[in-house]
Structure formats: structure tokens, C-alpha cells
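Protein chains in written order, with our numbering: chain A, 1 to 457; chain B, 458 to 914.
The beta-carbon is built from N, C-alpha and C at its ideal position, and this holds for glycine as well.
Remember, predicted model here, so these are calculated numbers, not experimental data.
There are 2 protein chains.
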Amino acid sequence: MTIATAISELSTVLGDALSTSKADLEAHGRSESHFPLTPPDAVVRPRSTEEVAQVVRICAAHGCPVVGWGAGTSLEGHALALRGGVVVDFTDMAAVLEIRPEDRIARIQPGLTRERLNEELRATGLFFPVDPGADASLGGMASTRASGTTTVRYGSMRDNVAGLQVVLADGTVIRTGTQAAKSAAGYDLTALFVGAEGTLGLITELTLRLHGQPEAISAGICAFDAIEGAVDAAIEVIQTGLPVARIEFVDAATVAAVNAHSKADFPPRPHLLVEFHGAEDSVARDAARFARIAADHGATGIDHATRAEDRRRLWQMRHHAYWAILASRPGARAIVTDVCVPISALARAVAETRADIDASPIPGPILGHVGDGNFHAILLIDPENGDERAAAMRLSASMADRALRLGGTVSGEHGIGAGKLGYMAAEHGPAWAVMGRIRAALDPAGLMNPGKLVGET
Amino acid sequence: MTIATAISELSTVLGDALSTSKADLEAHGRSESHFPLTPPDAVVRPRSTEEVAQVVRICAAHGCPVVGWGAGTSLEGHALALRGGVVVDFTDMAAVLEIRPEDRIARIQPGLTRERLNEELRATGLFFPVDPGADASLGGMASTRASGTTTVRYGSMRDNVAGLQVVLADGTVIRTGTQAAKSAAGYDLTALFVGAEGTLGLITELTLRLHGQPEAISAGICAFDAIEGAVDAAIEVIQTGLPVARIEFVDAATVAAVNAHSKADFPPRPHLLVEFHGAEDSVARDAARFARIAADHGATGIDHATRAEDRRRLWQMRHHAYWAILASRPGARAIVTDVCVPISALARAVAETRADIDASPIPGPILGHVGDGNFHAILLIDPENGDERAAAMRLSASMADRALRLGGTVSGEHGIGAGKLGYMAAEHGPAWAVMGRIRAALDPAGLMNPGKLVGET
Numbered sequence: 001m002t003i004a005t006a007i008s009e010l011s012t013v014l015g016d017a018l019s020t021s022k023a024d025l026e027a028h029g030r031s032e033s034h035f036p037l038t039p040p041d042a043v044v045r046p047r048s049t050e051e052v053a054q055v056v057r058i059c060a061a062h063g064c065p066v067v068g069w070g071a072g073t074s075l076e077g078h079a080l081a082l083r084g085g086v087v088v089d090f091t092d093m094a095a096v097l098e099i100r101p102e103d104r105i106a107r108i109q110p111g112l113t114r115e116r117l118n119e120e121l122r123a124t125g126l127f128f129p130v131d132p133g134a135d136a137s138l139g140g141m142a143s144t145r146a147s148g149t150t151t152v153r154y155g156s157m158r159d160n161v162a163g164l165q166v167v168l169a170d171g172t173v174i175r176t177g178t179q180a181a182k183s184a185a186g187y188d189l190t191a192l193f194v195g196a197e198g199t200l201g202l203i204t205e206l207t208l209r210l211h212g213q214p215e216a217i218s219a220g221i222c223a224f225d226a227i228e229g230a231v232d233a234a235i236e237v238i239q240t241g242l243p244v245a246r247i248e249f250v251d252a253a254t255v256a257a258v259n260a261h262s263k264a265d266f267p268p269r270p271h272l273l274v275e276f277h278g279a280e281d282s283v284a285r286d287a288a289r290f291a292r293i294a295a296d297h298g299a300t301g302i303d304h305a306t307r308a309e310d311r312r313r314l315w316q317m318r319h320h321a322y323w324a325i326l327a328s329r330p331g332a333r334a335i336v337t338d339v340c341v342p343i344s345a346l347a348r349a350v351a352e353t354r355a356d357i358d359a360s361p362i363p364g365p366i367l368g369h370v371g372d373g374n375f376h377a378i379l380l381i382d383p384e385n386g387d388e389r390a391a392a393m394r395l396s397a398s399m400a401d402r403a404l405r406l407g408g409t410v411s412g413e414h415g416i417g418a419g420k421l422g423y424m425a426a427e428h429g430p431a432w433a434v435m436g437r438i439r440a441a442l443d444p445a446g447l448m449n450p451g452k453l454v455g456e457t
Numbered sequence: 458m459t460i461a462t463a464i465s466e467l468s469t470v471l472g473d474a475l476s477t478s479k480a481d482l483e484a485h486g487r488s489e490s491h492f493p494l495t496p497p498d499a500v501v502r503p504r505s506t507e508e509v510a511q512v513v514r515i516c517a518a519h520g521c522p523v524v525g526w527g528a529g530t531s532l533e534g535h536a537l538a539l540r541g542g543v544v545v546d547f548t549d550m551a552a553v554l555e556i557r558p559e560d561r562i563a564r565i566q567p568g569l570t571r572e573r574l575n576e577e578l579r580a581t582g583l584f585f586p587v588d589p590g591a592d593a594s595l596g597g598m599a600s601t602r603a604s605g606t607t608t609v610r611y612g613s614m615r616d617n618v619a620g621l622q623v624v625l626a627d628g629t630v631i632r633t634g635t636q637a638a639k640s641a642a643g644y645d646l647t648a649l650f651v652g653a654e655g656t657l658g659l660i661t662e663l664t665l666r667l668h669g670q671p672e673a674i675s676a677g678i679c680a681f682d683a684i685e686g687a688v689d690a691a692i693e694v695i696q697t698g699l700p701v702a703r704i705e706f707v708d709a710a711t712v713a714a715v716n717a718h719s720k721a722d723f724p725p726r727p728h729l730l731v732e733f734h735g736a737e738d739s740v741a742r743d744a745a746r747f748a749r750i751a752a753d754h755g756a757t758g759i760d761h762a763t764r765a766e767d768r769r770r771l772w773q774m775r776h777h778a779y780w781a782i783l784a785s786r787p788g789a790r791a792i793v794t795d796v797c798v799p800i801s802a803l804a805r806a807v808a809e810t811r812a813d814i815d816a817s818p819i820p821g822p823i824l825g826h827v828g829d830g831n832f833h834a835i836l837l838i839d840p841e842n843g844d845e846r847a848a849a850m851r852l853s854a855s856m857a858d859r860a861l862r863l864g865g866t867v868s869g870e871h872g873i874g875a876g877k878l879g880y881m882a883a884e885h886g887p888a889w890a891v892m893g894r895i896r897a898a899l900d901p902a903g904l905m906n907p908g909k910l911v912g913e914t
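As C-alpha cells, this is what we get:
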């Protein structure tokens, strides 16, 4: 029972589809975030579900951990092989298998990225809405229950995955879900695997729900004197039921970073960016209602755009924000926090977080999908400076504690991975042990992505 | 380890909240459907989560089955104590615990019915949308993953339960979910317990998502010459993305039954009934678009209504349908089928089902939530006639087989219970055994609602 035996056996079966080159191992040992380099023992690139099942069976026979890998864009170290073993990279399983416009579903392989799917869909008049920012793989997005800018209107991966094919820890291949719009037949296994972070099996196929491209889109942007005005306006938008398709908040530090990075000249103050989808007259009416709410909270310079290139210009600030913030402190690494609170607690959560960061020694712009009560601080640390890292971890912990105190969650969208395991007991109490019992039932040896989401068995 | 010992111990603890009267046992041994009388050994009416946990712990210690009971409106025998034991009736746990309009959530006890919740919500401008027809308990609706007329717009219980409190098989009390709009923190236990039909634990509290009462509502009704026209019109409504809030189909036999029962004079032909929710001008526009689609498929006599009393008149046909159909054959019992197919397969599924029933010796009007691809046949049998019962079971089986062949599910909304256990292997293949493993992990003795949903362990 050794990892080495598993790899030697896999190599015979997979040939070129297995790699142990240093470059490959290191590329699959890195994450977008602050985790140390953690190379796996081998990387495999299966070409079919049957090959994935073979990989899992061989690994099971030799006690070798198995970790799925999509596009490597996770922020919580989800795809790092913390106990060594094999990373299963889905690059070569990235096909669109079937598009059924008449049922508004698409069947795809897990390595496909969301932007490529939307390119394939363009001619159908349909699109896949979940947009976490990065051009993540759809298998990874399902595994982490990704959401993002459009979730306030179209839901998260929880709402947009109709069914899955999954290879379990013993190599069994199952299908979950249905192509019908709903079902009351049995446990919702689709929902169980969505967000399971690869700890219950590897997703090898997804059936996704598609949506009609809106007849018209209206985007808007406006600046506020203070954070409170922007956040209170977002809260009023949600509480009055204005059907916003996106509503994003960026603070003054984010805007300053974007201005410096993109040679833009947005007023260096907190902003809201919104988008409405629908019939032409209804998006116009919604945009006008938004403008009134924003003005009531002190917004100025409200700018609207309906043509695609003008909307792109408005949204560039949001799209460039992460990279602009990273570039604002050369040499820094980012610790990206992610909490989500009930909308009624959002103003307090953001204000207290802002004050905490301002009192700390490190910079940390705040931005987020405020329509969901979801926001991030991007804490910039000198990776060589232990004090800064400690300060960031303290800030991150106090954000998580505050989110729980306010009835929210320690992760709105980035997931648990390795980074947030320490908060699971506090968020879930005895329900965390129930997750452990489910994991033990489906993967008694604990070989599927060990060290993530559930406690060690 | 006997049921009798458990009941004697429960009686000491619960006093009046336990009953073994013949009337009580029989009332809890009946179902709305065709299952034989199956009285439990005792009925308990706990008044708190702690009492439910006590009941479950005592039952666990003595090997006594535990079955939840809401309003007794299940159509698949979900709440029948097939292995004897204790029925836990939630009548005395029916309180609204908290309404938080600012977060659009309500915290309630499981015995509360959906109509009572909506009465409590009236003054808030919010409502709870899931409408299965019957005034079911919300705990039962969650346990069976109920849906209904408004699911095409607002989703099912899967989409409208934000969190739960559950008593597990060993008496542990857990909380699932969050008050935030979304979370990526761990397995989606809420989704696992919704639709688990009481086989994983008893729901003792629900946090539900509320929706804004629409500014305007427009209802419409129209008759078609043939089933095909009505179904094709419904399919076009969905495929073109017309944002319908309800779209119900009733066939000619249903209309005839309603006319006879309610002294109405609807044309005895297939009908569609629709409803649009939104701003006044947008529902008017949507209603006009619907009228054009319906006319293209041969509809005549399209009638619209926006005032509440006029809408009630239009909808009376749908609301009375089940009782009218039952009354159309005095002395008959109903076997109500429930399949759901991808919208592209709906026309074929309905047409083949109609032809099958017409070729059989029993009457079976068809109606359904066609926007979801979900429809029912109400098969009327003489309960004393074995041939008729056998014919109904054959029709029901061929509907289920057809739904699976067309990519759908054997239950859109009524659930599995005792009635559809025989189809689970065909629908889920090896995934059904995964459900069994989860059940075994959380309830190793198999005492929570035994005989339902999962295979015997």
C-alpha cells in the first residue's frame, strides 16, 4: 500500500497521460492564494470517465490520495495534494457533449471553462450565468459551489447544476439528477456533490441549466461619499425587490488601485455597479428606480450604458479590480477573505470590517457581490513578513467570527478547502460531524481530497 | 427491545401527548391515496424539539420505528407506519417563530401549514410561494420536496428552504444552512434533508425564503380543440422564456368533471390556465404574448382577469379539479400518478399517456404543472375490483417507464414514499445504493420511516 506502487501501476495503464515531471508537479502544487508550494506525487490527465474510474480504483487499491484539478483558480487551496498522491487534471476532458436548447440544458465535461461554454452557446440565444470572475472550469465551480456577480438573479452552482456523473471512491460510476425541471424521487445527490470539494468523488460530467440571453441589458455605475451610502443603497435595492442582475460594491481603495493600474479616472470613492436584464422598457424603468434609490443615499455621477462596448467600459473597473489591487503593492501576496451575511446585517459587517482593517498594519480593499450579502477583503501582505501574515490571519478570523455572529457563513463562494477548515465546527456545530459521517460512508479510507472540508477520520 | 417497551416509556415521559386510542391510531393509519389502513402503535404530539429528541432517543433504545406526520396529505403513503412504531404528529409544533421581512425569511415549526403561514405574512407584503394544492404542513412539504403550481417561477421546496433544525436517529439535534442568501461552507445538508421523507431524521424547525407579493397579477384561461394544441402552447411559452408564474393544463375529462361538480359551464375541452406576476404593464404585455402563442395553437375564448375575485373565478376550475374528478365516479378511489419529463418530451409523454388510458377499462383525467413538464393522471378505480386496480397499476408503471425513457423522473412532486419504491433502481441505477449508504451512515438501525425511499438494509 504505497503511493509509489499506485503511480507505477497508473503509469502502465495511462502512458503519456501520467506525468511526474518537476514542472508539472510544481504547476499543480501552486494555488492562486497564500498556500505554500505543495506538489503532488503525480499528475494524470484522463481522457474519459472510464479512465478516471480506473485511476480511482488503482489509487484505492494502494491507499493513494486523489485530488481533482480544474483550472487551478481556487482561493482556498482546494486542489492542493496536502497528503501527496495523484492530482487528476481534467484538461483533456473539456468537451461540450450535448446542447439541448429546447430543454435549456447542456451536458459537458468538467474541464470545460465557463467562458468557453458561453462561446459555444452564443448562437443558441442561451447562456450559462454563473460568473465567479476567474475563467474557472465548470467541474471546479460545481465542486466548490461557486457563485459570483450574477448569483443575485440567476443563482449559484447549487441552482444551475441539474445533474452529474460522479466517480466514487471505489471507482463506481453514478449519475445523479434528471433532465426534467424538477424531481421528488430520492435524496438530492446532485446537491450533495455540488460543494463537496472532491471529498465524495470526482465529477466527470455535468448537466447544466441554461438561461435565455436577455433582450436588453442596462448597466449603471455611481460613486458615493461614504461606504455607508453605497451599502445602504444596495440593501434598499434588495429589500424592495428591484430585480437587479448584478450589484457590485467596490470601496475607495479598490477604485484607487484600478485608476493606477488601468490609467482610469474614476472618482476615488466607493462605487456601486449594477446591471438589469429584461425587456427594453423594463430595464430602463429598473435603471431609473435604481438611480432614485442611489441618489437618496448620496450617489453622484450616475452613468448608464446599454450598448455592449459602453457596458464593457463601465464593468472594466470590477473586472480589473483583483489584479489592480495585487499590483498596488509590488511583491505582495493576497489573502482573499470571503464572508456572506444576511442582507440586514451587511452595513454593519462591512463597516466593522473596514474599521478593523484600517486599524491594522496592512492594506485591504473591500469589494463584493453585495446583493447576496457577500463581500471580500483583499489583504495584501509581504510574504516574508511574519507579522503581516499574522495580522492578515487575525483580520480574516475576525471577519469569519463576525459573519457567524450575524447569522451568516464563513464562505459565501470560495469554499472551505484547506484554508477555512478551522471554522467548520463553529459554523456547523454537531452538523459538521454529520458531514464526516457521510464522507466516511462514501469514502471510508478518506482518500478523496484528504485534509479538506471534513474533519480527519 | 420492543415497540411496547418504547411506548410504555414514552407514555411516562409524555403523558397526554401520547395516544393509543383506536380513533387516533386509525386517523394516522389512513392516507389520501390507495394504501390500506396501517395504524401505528402509538401517536405522539411533541411540543418542542427537545421532546422530539427525547421521543427519538427512547425509540432508538428500544428498536421502535419513528414516522413523522404533518397534515396527512401525502399521496404516496409517506407517513404510514409500515413497520409499526410511533407516529410523531407535529400538530402542536405549528408556530411561526420569527418573521424577518428585511431578510425575506421566516423561521417556523414543521406543523404549520402553508396557508396559515401566508395568512401570517399578509401584512408584510411578502408570501411563501410553494403551492402543492393541499394545505399541507411545511415540514411535510420540505420532507417530500413539494412543488406545485408556482414552481415554474418560484422554485420548489428545494429552492425555498434556507435552513433546518433536524433531530437525527440518535436524538442529536443539528442545524443546517444559513440565514445568508448563499454559502459555500460544506456539504449542503439542507438539500439532503429536503426530500429525504423522514428517513434521515425529523425536521423540527424550518427557515423559509419569502418573496415579494407581486405589484400586479394577471390570470388567463383558454380552451383548445385538442390536447396537442394546449401542450404545444405550454411548451412554446417555456421555450421562448415567457416569465409565467403558473401554467396549468387540464384535459377535457377534467373540465367535464368540474362542470358537473361545480355547476360551471366551461367548454368541455382541454384548457390552459396561466398567471403572470410583476409590474402592471409587464404582466399586461406578458398576457398579450401568451394570448398570441395560445391563438397560434388554436385557442379560443381567451379570458383574462386582474382583479382578485375575477382571478379566483378563473382558477376555481383548477382548485376544484381533484375533488370534482373523485366525485365523478361515486365510490371510486383515486390512484394519482405523477411524472415529470424534459419540456421537449412533454407533448409525446402526455399524448401517449392519454392514449394508454383511453385504451384501458378505467377513467383517468390528466392535468398538471406543464411548465415544469410535470403532469398527473387521476386513475379512478372501484376499490373492490381487482382488475381495475391491476389496470391502474399497469398504467402507472407505464407512465413511470415512459418518463424515464424520455429522460425524466418517476416523481415530479409527490415523492417516493411506499408507492414508488419499485422504480428507484430503474431511475437511479447504482446511485440508489449510494442513498442507502447515506441512510445507513445516519440511521444504522433503519428506524426512521422504514420501508420508504431507500432499500432495506
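9 Å Cβ cut-off: residues of chain B touching G68/A: From the beta-carbon of G68/A, no residue of chain B is found nearer than 9 Å; the closest lies around 16 Å away.
Residues bridged to M905/B (per DSSP): When DSSP reads this structure, M905/B sits in a beta bridge with V523/B.
DSSP bridge partner residues for R246/A (one or two, in chain order): E275/A
Cβ shell of K877/B (< 7 Å), same chain only, five flanking positions each side left out: E533, V867 and S868
Which of helix, strand or coil DSSP assigns to L554/B: Three-state result, L554/B: strand.
Contact under 8 Å by Cβ, D560/B with S344/A: yes
Any C-beta of chain B under 8 Å from that of R118/A: It is worth fixing the name first, because residue 118/A is Asn in this sequence and not Arg. It does not: the Cβ of N118/A has no partner Cβ on chain B nearer than 8 Å.
Whole-angstrom C-beta distance between C340/A and S490/B, which should lie under 8 Å: Not confirmed; about 42 Å, so no contact.
Ranges of the beta strand (DSSP E) found wholly within the region 72–158 of chain A, counting only runs of at least 3: 86–89, 96–100 and 105–108
Reduced DSSP secondary structure (H/G/I, E/B, other) of R336/A: According to the sequence as given, residue 336/A is Val; it is not Arg. In this structure, V336/A counts as strand in the three-state DSSP scheme.
Heavy atom of the ligand ZN within 7 Å of G534/B beta-carbon: Although the ligand ZN was asked about, the structure shown includes no ligands whatsoever.
Residue ranges of each alpha helix (DSSP H) within the region 734–799 of chain B, 4 or longer: 737–753 and 765–784
Identified DSSP bridge partners for F832/B: F832/B pairs with V796/B and G825/B.
Limits of the unbroken alpha helix (DSSP H) element including E352/A: L346 to D358
Among A359/A, L367/A, I335/A and A334/A, nearest to V350/A - alpha-carbon criterion: L367/A
Between the CA atoms of V701/B and V694/B - distance to the nearest angstrom: When only Cα atoms are considered, V694/B and V701/B end up about 8 Å apart.
Given 8 Å, three or more beta-carbon pairs between the region 657–676 of chain B and the region 620–628 of chain B: With three or more CB-CB distances shorter than 8 Å, the region 657–676 of chain B counts as touching the region 620–628 of chain B.
Segment limits, beta strand (DSSP E) that includes V630/B: V630 to G634
K421/B versus H728/B: straight-line alpha-carbon distance, rounded: For chain B, the structure presents residues 458 to 914; residue 421/B sits outside this window and is missing.
Cβ-Cβ distance between I174/A and V911/B below 8 Å: no
Closest residue to R773/B among A744/B, T711/B, H754/B and A812/B (Cα-Cα distance): As written in the sequence, residue 773/B is Gln, which differs from the Arg given in the question. Per the C-alpha coordinates, the member of A744/B, T711/B, H754/B and A812/B positioned closest to Q773/B is T711/B.
Distance CB(F276/A)-CB(V283/A) smaller than 8 Å: yes
Close-in-space but distant-in-sequence residues of the same chain around H414/A (CB under 6 Å, 5 per side omitted): The answer, listed in chain order, is L75, E76 and D338.
Contact list for P342/A against chain B, beta-carbon separation under 7 Å: D560, Q636 and A637
Test: D645/B CB closer than 8 Å to a CB of chain A: Among the residues facing chain A, D645/B is included, as its CB has a counterpart in that chain under 8 Å away.
contact_flag[the region 682–691 of chain B, the region 534–544 of chain B] where n(CB pairs < 8 Å) is 3 or more: Segments in contact, no.
Contact check, I227/A vs D251/A, beta carbons under 8 Å: yes
Proximity below 8 Å, CB of P820/B to CB of E845/B: no
Counted within 10 angstroms of its Cβ, other Cβ atoms place T178/A as buried (16 or more) or exposed: buried
Burial state of W780/B (16 or more Cβ within 10 Å): Result: exposed.
Beta carbon proximity, A762/B to chain A, threshold 8 Å: Judged by the 8 Å Cβ criterion, A762/B is not in contact with chain A.
Cβ of N831/B within 8 Å of any chain A Cβ: yes
Contacts that H871/B makes with chain A (C-beta to C-beta distance below 7 Å): Neighbours of H871/B on chain A, chain order: A184.
Same chain, Cβ closer than 7 Å to R311/A, neighbours up to 5 away in sequence not counted: I217, A219 and A305
8 Å Cβ cutoff, Q511/B in contact with chain A: no
Buried or exposed (CB count within 10 angstroms, at least 16 for buried), S143/A: Looking at its Cβ environment, which holds 16 or more other Cβ atoms inside 10 Å, S143/A is buried.
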